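A short write-up of the structure that comes next.
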Amino acid sequence: MEDLHQTITQRVSRFTQDIIRHKTQIFFLEMANLLDKEEARNMPECSNKQKKLFADFINLLETDICHNHTVSYYAKCLHISPQYLRRIVKEVSGDNAYQLISKFLLKEICHLLRGTHLSIQEIADRLHFSDQAVMSKFFKRNKGIPPLKYRNEQR
């Protein structure tokens, strides 16, 4: 800070404004770095139990994504509350539980679109969507294109 003050009060040269701008940037970056370190110190450490529950949640997603897409279903399978599952997922991964479920579900839809000749309706049925339109809307919202267009582009 003193260095910045000294530069401001010195005789002006053609580089003074650039020097002041860069020293100001450095000052703010150092402040942000200090805040970051303080925030990291205050963050809760994930326990081994939380990490194990998160790993179990991922395993369930890999095996059960075709059957259910709700946080409460996976929490029930893990014998914990949905709120606790949401908290664990956020603390361990930074994502929220629904985002993770959506990622796994989207991955499965993409796999089925690329690797099978199932119709969109059959994929929706297999993944327990209420109907084809709901699955198509979910897919388009997450991928940016309709499932049929995705399938055609992948072949």
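Taking my numbering, the leading residue of the sequence shown gets 20, the next gets one more, and so forth.
Positions of the beta carbon are idealized from the N, C-alpha and C atoms, including for glycine.
Keep in mind it's a predicted model, so treat the numbers as computed, not measured.
If you drop the 5 nearest sequence neighbours on each side, which residues of the same chain put their C-beta closer than 7 Å to that of residue i?
| i | result |
| --- | --- |
| Q140 | Q151 |
| K168 | none |
| Q69 | I107, E110, V111 |
| P101 | V90, S91, A94 |
| T82 | none |
| D144 | none |
| Y117 | V90 |
Tell whether a beta-carbon distance below 8 Å holds between residue i and residue j.
| i | j | result |
| --- | --- | --- |
| L132 | L146 | no |
| L79 | V90 | no |
| L53 | I107 | no |
| Y92 | F76 | no |
| N115 | K122 | no |
| H88 | I45 | no |
| E127 | C85 | yes |
Cutting at 6 Å between CB atoms, please list the residues of its own chain near residue i, excluding the five before and the five after it.
| i | result |
| --- | --- |
| I142 | L131 |
| R33 | none |
| M50 | none |
| M62 | Bear in mind that a pLDDT of 49 at M62, under 50, signals an unreliable position, so the number given afterwards is only what the model happens to contain. For M62, where only same-chain residues beyond five positions count, there are no Cβ hits under 6 Å. |
Note down, in chain order, each residue of its chain lying with its Cβ closer than 8 Å to the Cβ of residue i, except the 5 sequence neighbours on either side.
| i | result |
| --- | --- |
| F148 | M154, F157 |
| P165 | S155, F158, K159 |
| E172 | I164 |
| R174 | R133 |
Original post:
Mind pulling the beta strand (DSSP E) runs of 3 or more residues that sit fully within the region 79-154?
Top reply: None, since the region 79-154 contains no complete beta strand (DSSP E) of that length.
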